[in-house]
Amino acid sequence: MKAELSPRMKTALYGLMCVLLIPFVFPTWWMVTSSVKPISDIFAFPPQFIPQHYDWTTYSKVFELQPFVQQYWNSAYIAAAVTIGTMVISSMAGYAFARIRFPFANTIFMIVLLGLLIPSEVTIVPLFQMFLKAGMVNTHWPLILVPIFGAPSVFATFVMRQFFVTLPNELEEAARVDGLGRFKIFHKIALPLAKPALASVAIFTFLHSWNLFLEPIVFLSSADKFTLPQALTQYTDAYGGPMWNIQLAAATLTALPVLIVFIIAQKQFVEGLAHTGLKG
Amino acid sequence: MAEVTLSNVRKSYGAVDIIHGVDLEIRDGEFVVLVGPSGCGKSTLLRMVAGLETITGGDIRIGGRVVNDLDPKDRDIAMVFQNYALYPHMTVATNMGFSLEHRGTSKAQIAERVKWAADILGLTHLLDRYPRQLSGGQRQRVAMGRAIVRDPQVFLFDEPLSNLDAKLRVVMRGEIKSLHQKLKTTTVYVTHDQVEAMTMADKIVVLNGGRVEQIGAPLDLYDRPANQFVAGFIGSPSMNFLNGTITAEGFAAPGIVLPLPETAHQWRDRKAVYGIRPEHFTLDDNGVPAEIILVEPMGSETQVTMKLGETQVTGVFRERVRLSPGETIRARPDLANIHLFAADGGQRLN
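First to last, the sequence lines map onto chains A and B.
Its first residue numbered 9, the first sequence is counted upward by one per residue in my numbering.
Its first residue numbered 252, the second sequence is counted upward by one per residue in my numbering.
Spelled out as C-alpha cells, the structure:
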C-alpha cells in the first residue's frame with residue numbers, strides 16, 4: 009500500500025516540482041510575453057517577467073512582413089503528408105518485421121535501424137544533388153520524401169514493430185481460422201489494436217516535420233514556399249538584425265498548434281513510447 | 252459434421268521429431284480428447300488438424316477430403332483457444348459474427364446466427380459489451396459462440412478451460428459437454444487434465460512424447476490401461492506401482508509379498524510392476540500389513556498414505572475410517588483389479 013504523504017511533505021514536494029518546472033516553462037513564458045512587449049522592454053534590466061506595456065501590433069506585422077498564412081499552410085500540409093506517409097509505411101514495415109518470418113529478417117531490421125545513426129547533415133549534400141537532378145529543388149517534395157523514407161520513418165518503424173511483437177499470436181491464428189488472409193489480419197486486427205502506438209508515431213512525426221529547419225533552408229529559396237521555422241528567420245530589419253518582438257510573435261503562432269496537439273494527445277504519446285520500451 | 256482421419260501424421264522441426272506417425276479415426280459427431288503431459292505434442296497435433304501448423308508427413312482428412320495443404324479457413328473447422336483470442340476492439344456480437352462477415356454472409360443472416368448462438372450460450376445480454384468488460388467464464392462462452400456460429404464440420408478446443416478457476420472449470424466442462432450433446436458436431440479437445448478427459452470424452456487419446464500410448468473409451472482406459480504410462484496418467488489419485496517379481500507365493504515386492512490372481516502365475520519368475528488403484532484396497536483382517544503415514548479425510552472418502560513393505564502407496568477408503576499415523580492396518584488389494592506391467596517397457600501383461 010502506498011503511504012499517504014503528510015501535508016508538510018506534500019507542500020515541500022510540490023514546491024520542489026515547481027522549482028524544477030522553471031527551466032521547462034520559462035522559455036515559453038518569455039516567448040509569449042515578449043511577443044507583446046516593445047523591443048526596449050525585452051532587453052530592459054531588471055527583466056520584465058510580466059509586460060508593463062502591451063504592443064499587439066506585433067501580431068499584425070507578422071502577417072504584413074511575410075506571406076505567413078501561405079507559410080502556415082505549407083508547414084501544415086507538409087507535416088500532414090509526412091505524418092500520413094510515415095504512418096502507412098512504418099505500420100506495414102513494423103508489422104512485417106514483427107510478424108512475418110522471412111529470410112534475414114533480423115539482419116535487415118538491424119540495417120534499417122542503422123539509418124538512425126546517420127546524421128541528416130551528412131546526407132544533405134548528396135540529397136540536394138539528387139533532388140536538383142530530379143528538378144525538385146525549391147519544391148516541397150524533398151521535405152515530404154526525405155522524412156518518409158528517412159530517419160523519422162525508421163524510428164516510427166521501430167516503434168510499430170515493438171508494438172506488434174507484443175500482440176498475442178492466438179489473435180492472428182483466430183483470424184486465420186475465421187478466414188482472413190495476411191493483409192486483412194493486418195488491416196482488421198493488428199492495425200486497430202495498434203492505435204496507441206500509431207498515435208505516438210503520428211505525434212512525433214508531425215512534430216519532427218513541423219520543426220524541420222535544415223532541409224527547408226537547403227531545398228527552398230522563395231518566400232511563398234517557406235515553412236514556418238524558415239519563415240521565422242526572415243523577420244529582420246534593414247540591417248539584418250532580428251525584430252525580436254515580431255519574431256517571437258511569429259514563434260508563438262508557430263508553437264500554438266503543436267502545444268494544443270501535445271496537450272490533447274500526451275496520453276497516447278506516453279503510452280506509445282511505453283510500448284517501445286524506450287523512455288521519453 | 253464430419254469424420255476426421257489422421258494417417259501416419261508426422262511433424263519435425265529440423266532434425267527433431269515432435270509427432271512420430273499418429274494414426275487416429277474420429278467418427279462423425281464424436282467427442283475426442285487428446286490428453287497427455289506438457290510437451291507430449293497434443294496441441295501441435297490439434298494445430299496440425301486446424302492448419303495452423305504444417306505437417307511433415309502423412310495425411311489429415313476431414314469429411315473424407317485430404318486437407319494437408321489447405322488453409323485453416325478452407326478446412327471448415329472452428330477453434331477455441333486457451334486464451335480465448337477474442338478481438339479486443341470488437342463487441343461480443345462483432346466477435347461472434349466476424350467469420351461470417353468474411354464469408355460473404357448477409358447482415359440479416361449474421362444477426363440471426365449470432366442471436367441463435369447467444370441464446371444457446373446465455374450471452375444475449377452481453378452482445379454489446381467488449382471482451383475487457385467480461386469475466387473469464389463469459390469470455391470463454393463468447394469464444395465458444397464464435398466457434399458455433401459458423402456451424403463448422405469440426406470443433407477444435409485447445410485447453411480452453413486452463414485459465415479458469417477450479418469451480419468455473421467444472422461449470423464450463425458441463426456446458427461444453429451439453430453443447431456437444433445439443434449440436435453433435437465432431438469435436439477434438441486438447442487438455443492436460445485427465446479429469447476433463449475422463450468426464451467429457453467419448454474417446455480418449457493418450458499421447459506421450461509425440462506417440463499415441465492408447466486410444467479408447469474413458470472407462471476402458473481406466474480399467475485396462477495398455478501400459479504403465481497410461482495407468483499412471485489416467486486416474487486421480489494415480490495408480491500405485493510396486494516393482495518386484497512374480498513368484499509362486501505372490502508378487503514379491505521389497506519387504507512384502509502381495510496376493511496375485513490365479514492367471515498371473517503364467518508369468519512366474521518374471522520381473523514386473525504391480526499396479527493397483529487407491530480405491531481398490533479394502534480394510535480386511537486377511538489383508539497385508541500396511542503402516543499408516545498420513546491420513547487425509549476428504550468428507551466423502553479418506554485418503555491414506557501408507558507403506559506396503561518398503562514402498563509408499565495411497566489408499567482411498569469410502570467409509571469413515573479412524574486411523575492415525577504410525578498405526579499398522581491390514582489392507583487387502585482387490586484381486587480383480589490388479590494390473591501387471593512388464594518391468595522392461597511397461598506393457599500390460601494381464
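Every residue, glycine too, gets a C-beta built ideally from N, C-alpha and C.
Next item on the list: List in chain order: all unbroken alpha helix (DSSP H) runs of 4+ residues lying wholly within the region 65 to 106 of chain A.
Entry: If one requires a minimum length of 4 residues, the alpha helix (DSSP H) runs lying completely within the region 65 to 106 of chain A are 65 to 73, in chain order.
Check: Is the Cβ of R184 (chain A) closer than 7 angstroms to any Cβ of chain B?
Finding: Taking a beta-carbon distance threshold of 7 angstroms, R184 (chain A) counts as an interface residue toward chain B.
Check: Name the chain D residues whose beta carbon is nearer than 7 angstroms to that of I197 (chain A)?
Finding: Here the protein chains are A and B, and chain D is not one of them.
Notebook entry, point to check: Who are the neighbours of A301 (chain B) on chain A, taking C-beta pairs under 9 angstroms?
Noted result: Those within 9 angstroms of A301 (chain B) in chain A are E181, R184, V185.
Next item on the list: Can you check the region 263 to 319 of chain B for any alpha helix (DSSP H) of at least 4 residues that lies completely inside it and give the ranges in chain order?
Entry: Secondary structure in the region 263 to 319 of chain B: the alpha helix (DSSP H) runs of 4 residues or longer, each lying completely within the stretch, are 293 to 301 in chain order.
Check: Does the separation of the CB atoms of N601 (chain B) and E178 (chain A) fall below 7 angstroms?
Finding: Cβ distance not < 7 angstroms, so N601 (chain B) and E178 (chain A) don't count as in contact.
Note to self: Strictly below 8 angstroms CB to CB, what residues from chain A border M330 (chain B)?
What the structure shows: Think of a sphere of 8 angstroms around the beta carbon of M330 (chain B): the chain A residues whose beta carbon falls inside it are E181, A182, V185, in chain order.
Item checked: Cβ contact check for the region 61 to 73 of chain A and the region 92 to 102 of chain A: 3 or more pairs under 8 angstroms -> Counting Cβ pairs under 8 angstroms, fewer than three are found: no touch.
Next item on the list: Spatial neighbours of A398 (chain B) within its chain, please: CB distance less than 6 angstroms, with the 5 preceding and 5 following residues excluded, ordered by chain position.
Entry: So the qualifying residues of the chain are A329, V331, F406.
Note to self: Using a 10 Å radius around the Cβ and a threshold of 16 neighbouring Cβ atoms, would you call H61 (chain A) buried or exposed?
What the structure shows: By the 16-neighbour rule on beta-carbons within 10 angstroms, H61 (chain A) is exposed.
Checklist line | Any C-beta of chain A under 7 angstroms from that of N334 (chain B) | finding: Output row for N334 (chain B): interface = yes.
Next item on the list: Under 7 angstroms between beta-carbons, which chain B residues line up against E178 (chain A)? List them in chain order, please.
Entry: Identification of chain B residues near E178 (chain A) by a Cβ-Cβ cut-off of 7 angstroms yields F332, N334, A336, ordered along the chain.
Check: In angstroms, rounded to a whole number, what distance separates the CA positions of I268 (chain A) and L337 (chain B)?
Finding: Roughly 36 angstroms between the two C-alpha positions.
Note to self: For N648 (chain B), report the span of its beta strand (DSSP E) as first-last.
What the structure shows: What the structure shows of chain B is the stretch from 252 to 601, and residue 648 (chain B) is not part of that stretch, so it cannot be assessed.
Check: Tell me which same chain residues have a C-beta within less than 8 angstroms of the C-beta of P403 (chain B), skipping the five on either side of it?
Finding: Cβ-Cβ distances below 8 angstroms link P403 (chain B) to D327, I328, A329, T436 in the same chain, with the five nearest sequence neighbours on each side left out; the list follows chain order.
Item checked: Reduced DSSP category for S551 (chain B) - H, G, I as helix; E, B as strand; rest coil -> Secondary structure at S551 (chain B): coil, using DSSP grouped into helix, strand and coil.
Next item on the list: With a 10 Å radius around its C-beta and 16 neighbouring C-beta atoms as the bar for buried, classify S230 (chain A) as buried or exposed.
Entry: Burial state of S230 (chain A) is exposed, judged by a 10 Å Cβ sphere holding fewer than 16 other Cβ atoms.
Check: Are any of the Cβ atoms in chain A nearer than 7 angstroms to that of H353 (chain B)?
Finding: Interface with chain A (7 angstroms Cβ-Cβ cutoff): H353 (chain B) is included.
Next item on the list: Tell me where the alpha helix (DSSP H) around L434 (chain B) begins and ends.
Entry: Looking at the DSSP string, the run of the alpha helix (DSSP H) that includes L434 (chain B) is 417 to 434.
Check: Are the C-beta atoms of P323 (chain B) and some chain A residue less than 7 angstroms apart?
Finding: For P323 (chain B), the nearest beta carbon of chain A is closer than 7 angstroms to its own beta carbon.
Check: Using the rule of at least 16 other Cβ atoms within 10 Å of the residue's Cβ for burial, across every protein chain shown, is R573 (chain B) buried or exposed?
Finding: With fewer than 16 other CB atoms across the displayed protein chains lying within 10 angstroms of its CB, R573 (chain B) is exposed.
Item checked: Range of the contiguous alpha helix (DSSP H) that encloses G248 (chain A) -> Boundaries for G248 (chain A): no alpha helix (DSSP H) harbours it, and the DSSP string shows neither H nor E there.
Check: If you run the structure through DSSP and keep just helix, strand and coil, what is G285 (chain A)?
Finding: With a pLDDT of 46 at G285 (chain A), under the threshold of 50, the modelled position of that residue is not reliable, and the figure given next carries that caveat. DSSP places G285 (chain A) in coil when its eight states are reduced to three.
Check: When DSSP builds the beta bridges, which residues end up paired with F480 (chain B)?
Finding: In the DSSP output, where bridge partners are listed per residue, F480 (chain B) has none listed.
Margin query: Measuring only from the beta carbon, is F349 (chain B) closer than 6 angstroms to any heavy atom that is part of the ligand GTP?
Written below: In the structure on display, the ligand GTP does not appear, and there are no ligands present to speak of.
Notebook entry, point to check: How is E542 (chain B) classed by DSSP in three states: helix, strand or coil?
Noted result: E542 (chain B) sits in a strand when the DSSP states are folded into three classes.
Item checked: Separation of G292 (chain B) from D268 (chain B), as counted between CA atoms -> The alpha-carbon separation between D268 (chain B) and G292 (chain B) amounts to approximately 10 angstroms.
Check: K522 (chain B) lies in the alpha helix (DSSP H); which residues open and close that run?
Finding: Per DSSP, K522 (chain B) is not a residue of any alpha helix (DSSP H); the beta strand (DSSP E) it occupies stretches across 522 to 527.
Notebook entry, point to check: Out of curiosity, what's the CA-to-CA distance linking M557 (chain B) and D416 (chain B)?
Noted result: If I take the Cα positions, the gap works out to 31 angstroms.
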